[in-house]
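>
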Amino acid sequence: MKTNSMMSIDDALDAKFNELVVSCMKSGAIDLNLYQEYDVKRGLRDSNGKGVLTGLTEISDVTGYRVVDGVKEPADGMLYYQGYDVKNLVGDGIEKRFAFEETTYLLLFGYLPNKEQLEVFHGIIASLQELSGQFVRDVIMKAPSANLMNGLQKSVLTLYSYDANPDDISVSNVLRQSLQLIAKLPLIAVYNYHAYRHFHFFDSLVIKPAKPELSTAENILQMLRPNGKYTPLEARVLDAALVLHAEHGGGNNSTFTNHVVTSSGTDTYSAVAASIASLKGPRHGGANLKVQQMFADLHEHVTDLEDDDQIQEYLQAVLRGDAFDHSGLIYGMGHAVYTLSDPREVILKDYAQKLAESKGMLKEYSLYDRVERIGTQLLSHRNHVVKPICANVDFYSGFIYTMLGIPEELFTPIFAISRIAGWSAHRLEELVNRGKIIRPAYKYVGHHRPFVDAKDRGTTEE
Numbered sequence: 166m167k168t169n170s171m172m173s174i175d176d177a178l179d180a181k182f183n184e185l186v187v188s189c190m191k192s193g194a195i196d197l198n199l200y201q202e203y204d205v206k207r208g209l210r211d212s213n214g215k216g217v218l219t220g221l222t223e224i225s226d227v228t229g230y231r232v233v234d235g236v237k238e239p240a241d242g243m244l245y246y247q248g249y250d251v252k253n254l255v256g257d258g259i260e261k262r263f264a265f266e267e268t269t270y271l272l273l274f275g276y277l278p279n280k281e282q283l284e285v286f287h288g289i290i291a292s293l294q295e296l297s298g299q300f301v302r303d304v305i306m307k308a309p310s311a312n313l314m315n316g317l318q319k320s321v322l323t324l325y326s327y328d329a330n331p332d333d334i335s336v337s338n339v340l341r342q343s344l345q346l347i348a349k350l351p352l353i354a355v356y357n358y359h360a361y362r363h364f365h366f367f368d369s370l371v372i373k374p375a376k377p378e379l380s381t382a383e384n385i386l387q388m389l390r391p392n393g394k395y396t397p398l399e400a401r402v403l404d405a406a407l408v409l410h411a412e413h414g415g416g417n418n419s420t421f422t423n424h425v426v427t428s429s430g431t432d433t434y435s436a437v438a439a440s441i442a443s444l445k446g447p448r449h450g451g452a453n454l455k456v457q458q459m460f461a462d463l464h465e466h467v468t469d470l471e472d473d474d475q476i477q478e479y480l481q482a483v484l485r486g487d488a489f490d491h492s493g494l495i496y497g498m499g500h501a502v503y504t505l506s507d508p509r510e511v512i513l514k515d516y517a518q519k520l521a522e523s524k525g526m527l528k529e530y531s532l533y534d535r536v537e538r539i540g541t542q543l544l545s546h547r548n549h550v551v552k553p554i555c556a557n558v559d560f561y562s563g564f565i566y567t568m569l570g571i572p573e574e575l576f577t578p579i580f581a582i583s584r585i586a587g588w589s590a591h592r593l594e595e596l597v598n599r600g601k602i603i604r605p606a607y608k609y610v611g612h613h614r615p616f617v618d619a620k621d622r623g624t625t626e627e
C-alpha cells in the first residue's frame with residue numbers, strides 16, 4: 166500500500182501513463198528551424214543574446230559594454246541603483262551597518278536618505294518585523310517543505326488572509342504591503358528553516374524574534390545561530406551580499422515576472438509569490454547552490470586541487486557533459502549582459518577573501534580563484550570569444566554563505582530576502598505608470614485538423 170497515494174499514480178496505470186508521457190513529448194516538440202524562420206526572440210533575446218526591449222525603468226541600470234565610434238565593445242560591468250554606482254552603496258570597511266536598509270530606501274523612493282530619514286525608515290521596518298504566534302504555528306510549522314522557497318511562497322500567499330485590505334492596489338496600500346513583506350521575509354525564511362530541520366531531522370526547535378536595534382543582516386545571523394553571536398565582519402559581509410542582490414534591472418526573470426503579474430492588476434502577495442517561484446529555479450536564484458555542488462564534486466574527482474592541469478581536465482569534462490550533473494555548464498560563469506566582469510562578483514570576491522582570511526579558509530578561496538581563471542579561459546576559447554565570459558555573482562556568494570555557516574537550504578531564500586526590495590520598487594513603478602497588461606505573442610505552427618467523433622477514431626489520432 167502506498168503511503169503517498171495522493172501524490173502518486175496507481176501502479177496499474179503506470180504503463181498507460183508512460184504512453185501519455187511519450188505522446189506529450191511528441192506533441193510538444195517544435196522544429197527548431199521554425200524559430201529562425203519566424204525570427205522568434207527565444208527567451209526574449211535577440212540573436213546576439215541581448216534582451217528584447219519591453220519596458221522602461223529608472224530603478225537600476227546594468228551595463229556590460231561601452232560604445233566607441235558607434236561600435237559596441239566589451240567593458241567592465243557597471244550596476245547602478247537609481248543612478249548610483251553600487252560600489253559606493255556597499256562601501257568599504259566594516260563600519261557601515263545598514264547598507265541594505267539604505268539601499269532599500271533608495272530603490273523605493275529614488276533618493277538616498279539622510280541620517281534622520283534612515284533612522285526613521287529602520288524604525289518602520291523594525292516595527293513591522295513581528296510574526297504572530299498564530300501565523301508561525303498555523304502556517305510555518307505545518308507541513309514544512311524541504312525546499313524553503315516553497316515555504317516562502319506558502320507563507321507570503323497566506324499573509325493575504327491576514328491583511329484587512331489585500332486587494333487594494335493603490336500606491337499607498339502597495340507600499341504598506343511591500344514594507345511589511347520586506348520586514349517579515351527574513352523571519353519567514355529563518356523560521357521555515359528551523360521548522361524544516363525540526364520536523365525532518367528532529368533538531369531542537371528554537372524560534373527567536375528579530376531585535377529592533379539590529380540590521381537585517383545582523384538579525385538573520387542572530388536568529389539563525391543557536392548562540393545568536395556573530396562578528397562585525399560576518400554581519401558586514403552578509404549586509405554587502407544583500408545590497409548586491411537587491412536589484413538587477415527590470416529584465417531579470419523574477420523581476421520581469423513581477424512586472425507581468427502586476428500588469429494584470431493582481432494583489433501584492435500573488436505578485437511576490439510569483440517572483441519567488443521564478444527565483445527558485447536553478448537557472449536564476451538557485452545557481453549559487455549549483456556552484457557549491459559543483460565544487461563538492463570537484464573535490465571528489467580531483468586529487469590535487471592546486472594542479473591547474475587536473476582542474477582544467479575536470480572542467481573540460483563538465484563542459485562535455487561527462488562530469489558533475491551532465492548539463493555541460495560551469496555554474497557561476499557567464500551572464501546575459503556582463504562581458505569583461507560582473508561588478509557584483511568583483512565586490513563579493515574581495516569580501517570572500519577577507520572572510521576566508523578570518524576563517525582560515527584561504528586555501529579554499531584560492532581554489533575558487535583558480536577555477537574562475539581556468540573556467541573563463543575554457544569558455545572563451547569554446548565560444549571563440551564572440552562575447553567574453555566572466556564569473557557572475559553566483560560564483561562566490563554560495564562560498565560566502567558557507568563560510569558564514571548559512572545552510573544550503575537558505576541560499577536562495579536569502580536571495581529573495583534581498584531581491585524583494587527590487588521587486589517592490591518595480592511593482593510600484595509598474596502601478597504608478599499604469600502600463601498595459603503584458604501580453605507577448607506566440608506564433609502557432611501546428612496544423613488545423615478536422616474533428617473526428619470518438620467512435621470513429623483509431624488507437625492513435627493521425
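Just so you know, the sequence shown maps onto residues 166 to 627 in the working numbering. Glycine is no exception: its CB is placed at the ideal position from the N, C-alpha and C atoms. Computed from a predicted structure; not experimentally measured.
Ordered along the chain, which non-local residues of its own chain (more than five positions away) have a Cβ less than 7 Å from that of ASP179?
Taken in chain order, the list of residues that qualify is empty.
> Reducing DSSP to helix, strand and coil, say where GLY242 ends up.
The answer is strand: DSSP assigns GLY242 an E or B state.
> Put ASP332 into one of helix, strand or coil per three-state DSSP.
Three-state DSSP puts ASP332 in coil, outside helix and strand.
> Could you tell me whether the region 257–272 touches the region 400–411, where touching means 3 or more Cβ pairs closer than 8 Å?
Because the criterion of three Cβ pairs below 8 Å is met, the region 257–272 and the region 400–411 touch.
> Tell me which residue opens and which closes the alpha helix (DSSP H) that THR468 is part of.
Neither: THR468 is in no alpha helix (DSSP H) and is coded neither H nor E.
> Buried or exposed: where does VAL617 fall if 16 or more other Cβ atoms within 10 Å of its Cβ makes it buried?
Per the 10 Å Cβ criterion, exposed.
> On the DSSP letters alone, give me the boundaries of the beta strand (DSSP E) that THR228 sits inside.
Where THR228 is concerned, the enclosing beta strand (DSSP E) stretches over 225–233.
> Using only alpha-carbon positions, find the residue among LYS376, TYR361 and GLN387 that is nearest to SER369.
Of LYS376, TYR361 and GLN387, the residue nearest in Cα terms is TYR361.
> Can you have a look at MET459 and say buried or exposed, based on whether 16 or more other CB atoms are within 10 angstroms of its CB?
With 16 or more Cβ atoms within 10 Å of its Cβ, MET459 is classed as buried.
> Report yes or no: do three or more beta-carbon pairs, one from the region 466–480 and one from the region 525–541, lie closer than 8 Å?
Touching, yes, given that three or more Cβ pairs across the two stretches are closer than 8 Å.
> Could you name the residues of the same chain whose beta carbon sits closer than 7 Å to that of ILE585, not counting the 5 residues immediately before and after it, in chain order?
Here the set comprises LEU346, ILE347, LEU350 and VAL437.
> Quick one: grab the DSSP three-state call for MET166.
Note that MET166 has pLDDT 40, beneath the 50 cutoff, so the model's placement of it is unreliable and the number below is only indicative. Three-state result, MET166: coil.
> Hey, ALA354 and GLN294: beta-carbon distance below 7 Å or not?
No; because the gap between Cβ atoms is not below 7 Å, this pair is not in contact.
> Is DSSP giving TYR249 helix, strand or coil here?
Strand.
> With DSSP collapsed to three states, give me the class of GLY430.
GLY430 falls in the coil class under three-state DSSP.
> From GLU573 to ASN423, what distance separates their C-alpha atoms?
Using only the alpha carbons, I get a separation of about 25 Å.
> Just to confirm before moving on: does the CB-CB distance between SER419 and LEU444 stay below 7 Å?
Closer than 7 Å, so yes.
> Which of the three DSSP states, helix, strand or coil, is assigned to VAL498?
Correcting the residue type first, residue 498 is Met in the shown sequence and not Val. If DSSP states are grouped into helix, strand and coil, MET498 belongs with the strands.
> Between HIS287 and the rest of its own chain, which residues show a CB-CB distance below 7 Å, the 5 nearest in sequence each way excluded?
Counting only Cβ-Cβ distances below 7 Å, and skipping sequence neighbours, we find PHE263 and GLU266.
> Would you call GLU284 buried or exposed, if buried means 16 or more other Cβ atoms sit within 10 Å of its Cβ?
The residue in question, GLU284, is exposed, as its Cβ has fewer than 16 Cβ neighbours within 10 Å.
> Quick one: what does DSSP say SER292 is sitting in, helix, strand or coil?
Three-state result, SER292: helix.
> In the structure shown, what three-state DSSP assignment does ALA586 receive?
Three-state result, ALA586: helix.
> What are the boundary residues of the alpha helix (DSSP H) that HIS546 is part of?
Element bounds for HIS546: 527–547.
> LEU277 to TYR609, Cα distance in whole Å?
Straight-line Cα distance between these residues: approximately 48 Å.
> Are the Cβ atoms of VAL255 and LEU244 separated by less than 7 Å?
Cβ distance not < 7 Å, so VAL255 and LEU244 don't count as in contact.
> Going by the C-beta, is VAL217 closer than 6 Å to any heavy atom of the ligand NAP?
Ligands in the displayed structure: none, and consequently the ligand NAP is not present.
> Whole angstroms are fine: how far does the CA of GLU202 sit from the CA of GLU627?
Note that GLU627 has pLDDT 49, beneath the 50 cutoff, so the model's placement of it is unreliable and no number is given.
> Is THR567 near GLY450, with beta carbons less than 7 Å apart?
Cβ atoms of THR567 and GLY450: not closer than 7 Å.
> Around the C-beta of ALA590, are 16 or more other C-beta atoms found within 10 angstroms, so that it is buried, or is it exposed?
The residue in question, ALA590, is buried, as its Cβ has 16 or more Cβ neighbours within 10 Å.
> Just the Cα atoms here: how many angstroms apart are LYS394 and ALA382?
Rounded to whole angstroms, LYS394 to ALA382 spans 12 Å at the Cα level.
> What residues match up with LYS237 in a beta bridge as DSSP calls it?
In DSSP, LYS237 forms a bridge with VAL232.
> Can you name the residues that DSSP bridges to SER506?
DSSP output for SER506 lists ASP241 as bridge partner(s).
> I need the DSSP call for ALA556, collapsed to helix, strand or coil.
If DSSP states are grouped into helix, strand and coil, ALA556 belongs with the strands.
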